[in-house]
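A.B. asks: Provided herewith is a single structure, encoded as structure tokens, for subsequent inquiry.
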Amino acid sequence: MREHAPTRFSWISAWGACALTIATAVSGIQTANAANVEEVVSPGGIHAYLVNEPSIPFLSMAFQFSGGSSGDPDGKEGLSYMASGLIDEGSGPYDSQAFRAELEDNAIQLSFDADRDSFSGSLKTLTENRDHAFELLRLAITEPRFDEEPVERIRQQIISDLTRRESDPEYLGARRWFDIAFAGHPYSKPTRGTIETIKAIGKDDLRELVRTRLARNNLTIGVAGDITADELGPALDEVFGSLPADAADVDLPKTTPQGDGETVVIDLDIPQSVVIFGHGGIARNDPDYYAAYVANYILGGGGFSSWLTEEVREKRGLAYSVYSYLYDTDLSPMWMGGVATRNDQVMESIRIIKEQVARMADGNVDEKNLDDARTYLTGSFPLRLTSNDQIARMLVGMQIYDLGVDYLDRRNGYIEAVTLNDVRRAAKRLFNEDMLVTIVGSPSGDGDGTVPRLEGIDAPSSGPHEDNIGD
Amino acid sequence: MAAGLTLATGSPARSSIFNPETFMLDNGMQVVVIPNHRAPVVAHWVWYRVGTADSPLGKSGLPHFLEHLMFKATDKIPQGEFSKIIARNGGNDNAVTSYDFTAYYQMIARDRLELVMGMEADRMVNLHLTDEAVLPERDVVIEERRSRVDNEPSALLGEQLNVSQYLHHPYRLPVIGWMHEMESYTREDAVNFYKTWYAPNNAILVVAGDITADELRPLAERTYGQIPARDVPARVRVTEPPQRAERRIEMRDARVRQPSFVRSYLAPSYDQEDQKTAYALEVLSELFGGGGTSRLYRSVVVDQALASGIAAYYRGSSLDDTTFRIYASPRPNVSLDDIEKAINEQIATLLADGVTEDELARVKKRMLADAVYARDSLSGAARAFGAALTTGQTVDDVEAWPDRISAVSIEDINNAAKLVFDIRRSVTAKLLPEETEPTG
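One line per chain: the protein sequences are L and C, in this order. Using the working numbering, read the first sequence as starting at 1 and increasing by one per residue. Using the working numbering, read the second sequence as starting at 472 and increasing by one per residue.
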């Protein structure tokens with residue numbers, strides 16, 4: 001491991017020095033003080049991570065129940081997602097309008113979401129309305145009403161959204177990618193369902209989901225803001241204490257993405273093709289995770305600094321955006337990326353991306369690449385923790401991945417410890433130019449043959465849109 | 472480098488929340504400091520009083536193109552190095568262009584602040600552009616246009632809506648530019664624009680985070696303060712002629728699966744003599760179409776079950792006349808005509824009966840409470856001040872936001888509604904699939 005000189009930036013009145021010297025002069029960035037994380041255990045035994053920050057009179061809470069859309073019943077795909085849209089549409093004594101009014105009139109922000117692996121939510125409230133906010137959250141997760149009006153309204157909203165997505169290239173590309181990569185596995189299920197499955201979901205399905213999936217043993221909670229540990233403990237019992245102890249078991253098999261080397265086109269008459277690419281990844285708890293994270297940063301994760309941006313955008317002006325990221329999920333770690341470019345430049349762009357992936361897989365990363373990645377990844381970490389919302393979400397992630405209550409203090413050490421050999425080893429394990437590629441658009445001109453197309457592919461009607469997940 | 476097609480300004484907040492400190496450098500550069508000591512981090516923003524509405528004739532979007540080119544070489548920083556130096560210092564950087572401003576920002580540890588101030592000051596005057604730098608970047612912004620506009624039927628409709636609303640004023644231009652004019656950008660166009668508008672006396676520095684004005688002032692004097700003031704032309708904006716006839720547009724596109732509806736009315740911005748109207752319109756947009764219990768949502772989405780979504784938007788921070796807009800998407804098998812009829816009924820009810828004491832009190836309470844959350848975001852605070860100061864408002868105006876919102880009366884709202892909901896000053900826009908029965 002490289003020694004970092006503890007050079008505090010001392011270039012203050014020397015503007016005019018060559019910029020190239022700047023980069024070497026500041027490699028030892030001091031880590032901003034990490035927030036003080038406490039583990040809180042309620043009298044009833046519910047755990048949460050807390051960062052007490054009293055300077056602004058409000059708090060953010062993030063919480064997550066493991067088990068998401070992958071566990072939706074066959075023919076009822078989209079159930080978790082639909083439930084997430086309905087659980088704050090009327091509870092206990094409040095019908096939908098009354099419940100929304102309680103939230104809005106008190107500036108309480110409550111929202112829910114579902115993805116492949118989890119059913120999650122977030123709450124934001126001023127300190128003066130805290131007790132009421134906790135009561136509304138309790139009602140939402142324990143006594144949702146699923147009245148007919150909101151059920152039909154949310155059903156129609158999802159159907160409208162799915163209909164709109166029938167011509168959304170990003171959505172179509174991601175759906176097709178997951179259809180091929182996880183054929184026959186629950187991960188191929190569309191998180192938002194299809195128009196048919198959304199029509200098939202009834203109130204009993206929604207009630208059953210809430211009854212069997214929202215429990216204390218699959219719950220993770222993070223809180224940041226104006227509340228002390230002593231205040232939070234009893235509140236956890238009030239909000240979550242009446243949930244069942246155990247969630248129903250959903251046993252889903254681990255898997256890996258298929259389709260390496262395939263390129264598939266979904267025809268859509270648009271001026272710019274949208275490309276999704278990817279293959280298997282490295283799990284969050286793998287010993288090579290941080291080395292792989294650094295390798296991906298250098299390749300395609302580093303915004304304006306990445307190899308992909310340099311080669312595709314800066315040198316050739318082929319695209320506005322090109323990126324890649326590690327995406328860990330419960331059942332299959334992945335590495336994914338994307339680019340969007342004029343139809344006649346798509347194949348050239350993909351060729352260049354594959355060249356850069358091969359360059360990384362072949363170990364062609366150098367000490368300067370590593371230094372630059374380390375200084376960015378360690379120095380920018382505190383920037384990701386400047387708001388209560390961000391901190392609350394981070395606290396959930398720390399528990400999901402079992403990183404420990406002192407992770408924020410240790411995290412930069414993991415990045416610092418990554419050596420060049422680590423990066424090369426992880427890159428060789430991780431990257432393969434034979435990736436699965438989906439193209440949505442009207443690509444032309446790959447130079448040495450026709451662009452492969454799957455026979456009889458229509459635009460799929462629905463499915464999840466992938467979000468980036470950082471470390 | 473994002474074109475801020477719509478910049479979310481968030482809620483400006485009361486002085487007891489942000490407590491900004493301000494001072495002026497000798498060269499005329501205004502400085503706003505918003506101390507927030509939660510983390511040893513700062514958001515550093517430089518705002519120029521120039522945007523898309525100041526595009527040279529025939530070069531729409533040039534301000535956004537220059538925004539991209541500002542990341543190329545100066546005499547001191549080689550091409551491609553600007554963002555890499557920021558990244559090596561653990562920072563993030565980007566920029567945003569809108570109609571009335573262009574802004575550059577970095578988020579970085581506070582002990583790196585003077586580094587980025589030096590770099591930002593350097594590129595304010597020392598940008599060095601070559602064809603080798605300019606021409607590939609022109610291809611990049613053209614791809615950006617394809618991503619943001621040409622691939623999105625609703626964005627294409629938005630362009631048609633703007634040219635219909637503004638016959639004369641440059642708010643009719645797309646922020647990113649018309650494709651055929653983008654293809655004509657030259658190095659010389661960019662250099663001329665840069666030399667005309669980029670000067671310290673046309674810029675505003677906003678720093679939010681772990682810093683005070685006393686700490687910032689010497690850094691600002693050593694960096695931006697070293698740059699001499701230059702003559703900057705007045706922003707010559709033509710005045711939109713009176714709109715006397717309602718306008719209607721309908722766009723069909725084979726990619727549309729789900730129709731959508733927009734009604735847009737010309738509306739005064741904050742930068743008017745009578746600022747009262749703008750604050751009243753802000754409250755009105757919240758009360759009328761700002762959430763799940765707003766009048767439009769309750770009536771059109773919940774009670775009548777016609778739309779799957781509906782909302783009203785008003786953005787007061789605009790140098791010239793802005794718009795008040797209502798967006799709706801129908802439920803399947805509901806026609807846009809039925810949606811429009813329902814919206815018109817709600818407007819008619821509002822104009823006839825006015826708003827109630829109770830709903831005004833509720834919406835005010837919510838808006839003022841939401842302002843507390845604004846303090847949690849460094850960039851949100853910087854954006855609120857930057858957007859206000861580049862569109863004719865003052866620091867005091869931003870500070871007085873809660874008082875002004877509190878002061879809005881029923882009469883103010885009812886008057887503002889009568890002013891803005893004039894069908895003769897509206898554009899009604901419909902986005903439809905190619906194959907569908909014609910709408911009336």
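Virtual Cβ for every residue (Gly too), placed ideally from N, Cα, C. Predicted model, so just to flag it, every value in this text is computed and none were measured.
With C-beta atoms as the reference, is R846 (chain C) less than 8 angstroms away from I682 (chain C)?
C.D. replies: Here residue 846 (chain C) is taken as the residue at index 375 of the second sequence, counted from 1. Here residue 682 (chain C) is taken as the residue at index 211 of the second sequence, counted from 1. No, the pair does not count as a contact, with Cβ atoms beyond the cut-off.
A.B. asks: Helix, strand or coil for M61 (chain L), going by three-state DSSP, please let me know.
C.D. replies: Taking the first residue of the first sequence as 1, we reach residue 61 (chain L) at position 61. Of the three classes helix, strand and coil, the one that applies to M61 (chain L) here is strand, per DSSP.
A.B. asks: Using a threshold of 8 angstroms, state whether the C-beta atoms of P54 (chain L) and D161 (chain L) are closer than that.
C.D. replies: If you number the first sequence from 1, residue 54 (chain L) lands on position 54. If you number the first sequence from 1, residue 161 (chain L) lands on position 161. No. Outside cutoff.
A.B. asks: Is it buried or exposed for I894 (chain C), if we count other Cβ within 10 angstroms and need 16 for buried?
C.D. replies: As a first step, residue 894 (chain C) must be located in the second sequence, where it is residue number 423. I894 (chain C) counts as exposed, since fewer than 16 other beta carbons sit within 10 angstroms of its beta carbon.
A.B. asks: Decide if M495 (chain C) is buried, meaning its Cβ has at least 16 other Cβ atoms within 10 Å, or exposed.
C.D. replies: Locating residue 495 (chain C) in the second sequence gives position 24, where the first residue counts as 1. Exposed, since its Cβ has fewer than 16 Cβ neighbours within 10 Å.
A.B. asks: How big is the Cα-Cα spacing for G561 (chain C) and V587 (chain C)?
C.D. replies: The residue given as residue 561 (chain C) occupies position 90 in the second sequence. The residue given as residue 587 (chain C) occupies position 116 in the second sequence. Computed Cα separation, rounded: 11 angstroms.
A.B. asks: Which of the three DSSP states, helix, strand or coil, is assigned to P801 (chain C)?
C.D. replies: Mapped onto the second sequence, residue 801 (chain C) falls at position 330. In the three-state reduction of the DSSP assignment, P801 (chain C) falls in the strand class, which pools E and B.
A.B. asks: Please report the residue range of the beta strand (DSSP E) in which G397 (chain L) lies.
C.D. replies: Here the question's residue 397 (chain L) lines up with position 397 in the first sequence. Run containing G397 (chain L): none in the beta strand (DSSP E); it sits in the alpha helix (DSSP H), 388-400.
A.B. asks: Is DSSP giving K124 (chain L) helix, strand or coil here?
C.D. replies: Here residue 124 (chain L) is taken as the residue at index 124 of the first sequence, counted from 1. Note: K124 (chain L) maps to strand in three-state DSSP.
A.B. asks: Output yes or no for whether 8 angstroms exceeds the beta carbon distance between S69 (chain L) and R116 (chain L).
C.D. replies: By 1-based counting over the first sequence, the position of residue 69 (chain L) is 69. By 1-based counting over the first sequence, the position of residue 116 (chain L) is 116. Yes, the pair counts as a contact, with Cβ atoms nearer than the cut-off.
A.B. asks: Please confirm whether F58 (chain L) and K124 (chain L) have their CB atoms less than 8 angstroms apart.
C.D. replies: Within the first sequence, the letter at position 58 stands for residue 58 (chain L). Within the first sequence, the letter at position 124 stands for residue 124 (chain L). In this structure, K124 (chain L) lies closer than 8 angstroms to F58 (chain L) by Cβ.
A.B. asks: Under a Cβ-count criterion, where at least 16 other Cβ atoms within 10 Å of its own Cβ denotes burial, should A661 (chain C) be classed as buried or exposed?
C.D. replies: Within the second sequence, the letter at position 190 stands for residue 661 (chain C). Result: buried.
A.B. asks: Locate the beta strand (DSSP E) running through H599 (chain C), then write down its first and last residues.
C.D. replies: Residue numbering aside, residue 599 (chain C) sits at position 128 when the second sequence is read from its first letter. Premise fails: H599 (chain C) is in no beta strand (DSSP E) and is neither H nor E.
A.B. asks: Contact defined as beta carbons within less than 8 angstroms: I believe I282 (chain L) pairs with L430 (chain L). What is the distance between those atoms, to the nearest angstrom?
C.D. replies: In the first sequence, residue 282 (chain L) corresponds to position 282, counting from 1. In the first sequence, residue 430 (chain L) corresponds to position 430, counting from 1. Yes, I282 (chain L) and L430 (chain L) are in contact; Cβ-Cβ is about 5 angstroms, under 8 angstroms.
A.B. asks: Considering only the alpha carbon of each residue, which of C:N565, C:H640, C:T793 lies closest to Y741 (chain C)?
C.D. replies: For this step, residue 741 (chain C) is matched to residue 270 along the second sequence. Here the closest residue by C-alpha is C:T793.
A.B. asks: Do G522 (chain C) and T573 (chain C) have their C-beta atoms closer together than 8 angstroms?
C.D. replies: Here the question's residue 522 (chain C) lines up with position 51 in the second sequence. Here the question's residue 573 (chain C) lines up with position 102 in the second sequence. Result yes, Cβ atoms of G522 (chain C) and T573 (chain C) sit closer than 8 angstroms.
A.B. asks: Just grab the DSSP bridge partners of P144 (chain L) for me.
C.D. replies: Start at 1 with the first residue of the first sequence, and residue 144 (chain L) comes out as number 144. Paired residue(s): L:S91.
A.B. asks: Which residues, in chain order, does the segment 509-528 of chain C contribute to contact with chain L at a C-beta distance below 9 angstroms?
C.D. replies: Listed in sequence order: R509, A510, P511, V512, A514.
A.B. asks: If contact means a Cβ-Cβ distance below 7 angstroms, which residues of the segment 390-417 of chain L contact chain C?
C.D. replies: none
A.B. asks: Going by beta carbon distance, what residues of the same chain come within less than 7 angstroms of G92 (chain L), once the five residues before and after it are set aside?
C.D. replies: Counting from one through the first sequence, the residue named residue 92 (chain L) turns up at place 92. Excluding its 5 nearest sequence neighbours in each direction, G92 (chain L) has C-beta neighbours in its own chain below 7 angstroms: L139, E143, listed in chain order.
A.B. asks: If the cut-off is 7 angstroms on Cβ atoms, which residues from the segment 101-112 of chain L count as contacting chain A, listed in chain order?
C.D. replies: Within the model displayed, chain A is absent; protein chains L and C are what it includes.
A.B. asks: Alpha carbons only, please: which of L:V265, L:L383, L:G75, L:L326 is nearest the one belonging to T197 (chain L)?
C.D. replies: The residue given as residue 197 (chain L) occupies position 197 in the first sequence. When only C-alpha atoms are compared, the closest one is L:G75.
A.B. asks: Below 8 angstroms between beta carbons: does that hold for G78 (chain L) and L252 (chain L)?
C.D. replies: Locating residue 78 (chain L) in the first sequence gives position 78, counting from the first residue. Locating residue 252 (chain L) in the first sequence gives position 252, counting from the first residue. Their beta carbons are not under 8 angstroms apart, which means G78 (chain L) does not touch L252 (chain L) by this criterion.
A.B. asks: Just the chain C side, please: which residues come within less than 7 angstroms of Y320 (chain L) by C-beta, in chain order?
C.D. replies: Start at 1 with the first residue of the first sequence, and residue 320 (chain L) comes out as number 320. Under the 7 angstroms cutoff, chain C gives V611, E614, E615, S618.
A.B. asks: Throw me the rounded Cβ distance for the L777 (chain C) and D809 (chain C) pair, which I believe falls under 8 angstroms.
C.D. replies: Residue mapping note: residue 777 (chain C) aligns to position 306 of the second sequence, counting from 1. Residue mapping note: residue 809 (chain C) aligns to position 338 of the second sequence, counting from 1. The Cβ separation is near 6 angstroms, so the contact holds.
A.B. asks: What residues from the segment 550-564 of chain C come within 7 angstroms of chain L, judged by C-beta to C-beta, listed N to C?
C.D. replies: Correct list: G551, E552, S554, K555, I556, A558, R559, N560, G561, G562, N563.
A.B. asks: Tell me, please, whether the segment 602-621 of chain C touches the segment 714-727 of chain C by the rule of three or more beta-carbon pairs shorter than 8 angstroms.
C.D. replies: no
A.B. asks: On the premise that S897 (chain C) lies in contact with Y736 (chain C), defined as a C-beta separation below 8 angstroms, what is that separation, rounded to the nearest angstrom?
C.D. replies: Here residue 736 (chain C) is taken as the residue at index 265 of the second sequence, counted from 1. Here residue 897 (chain C) is taken as the residue at index 426 of the second sequence, counted from 1. With 8 angstroms as the limit, Y736 (chain C) and S897 (chain C) qualify as a contact, their Cβ atoms being about 5 angstroms apart.
A.B. asks: I'd like to know if F277 (chain L) contacts chain C, where contact means its C-beta is closer than 8 angstroms to some C-beta of that chain.
C.D. replies: Here residue 277 (chain L) corresponds to residue number 277 of the first sequence, with the count starting at 1. F277 (chain L) does not count as touching chain C.
A.B. asks: Can you name, in chain order, every residue of its own chain whose Cβ lies under 7 angstroms from the Cβ of K489 (chain L), other than the five neighbours on each side?
C.D. replies: Residue 489 (chain L) lies beyond the stretch modelled for chain L, which goes from 1 to 471, so this question has no answer here.
A.B. asks: Whole angstroms is fine: what's the gap from S526 (chain C)'s alpha carbon to A358 (chain L)'s?
C.D. replies: By 1-based counting over the second sequence, the position of residue 526 (chain C) is 55. By 1-based counting over the first sequence, the position of residue 358 (chain L) is 358. Each residue's Cα considered, the two are about 43 angstroms apart.
A.B. asks: When you compare only the Cα positions, how much space is there between L206 (chain L) and E711 (chain C)?
C.D. replies: To locate residue 206 (chain L), count along the first sequence from 1; it is residue 206. To locate residue 711 (chain C), count along the second sequence from 1; it is residue 240. Cα to Cα, the separation comes out at about 53 angstroms.
A.B. asks: Check each candidate in C:L902, C:A592, C:I881, C:R726 and name the one with the smallest Cα separation from L690 (chain C).
C.D. replies: As a first step, residue 690 (chain C) must be located in the second sequence, where it is residue number 219. Comparing Cα-Cα distances from L690 (chain C) to each of C:L902, C:A592, C:I881, C:R726, the minimum goes to C:A592.
A.B. asks: For L209 (chain L), which residues from the same chain have a beta carbon less than 7 angstroms from its beta carbon, with the 5 sequence-adjacent residues on both sides left out?
C.D. replies: Numbered from 1 along the first sequence, position 209 holds the residue referred to as residue 209 (chain L). Cβ neighbours of L209 (chain L) beyond the five flanking positions: L79, S80, A83.
A.B. asks: If you follow the beta strand (DSSP E) that L777 (chain C) is in, where does it begin and where does it stop?
C.D. replies: Position 306 of the second sequence, counting from 1, holds the residue named residue 777 (chain C). Here L777 (chain C) belongs to no beta strand (DSSP E), and DSSP marks it neither H nor E.
A.B. asks: If you reduce the DSSP assignment to three classes, tell me which class G300 (chain L) lands in.
C.D. replies: In the first sequence, residue 300 (chain L) corresponds to position 300, counting from 1. Three-state result, G300 (chain L): helix.
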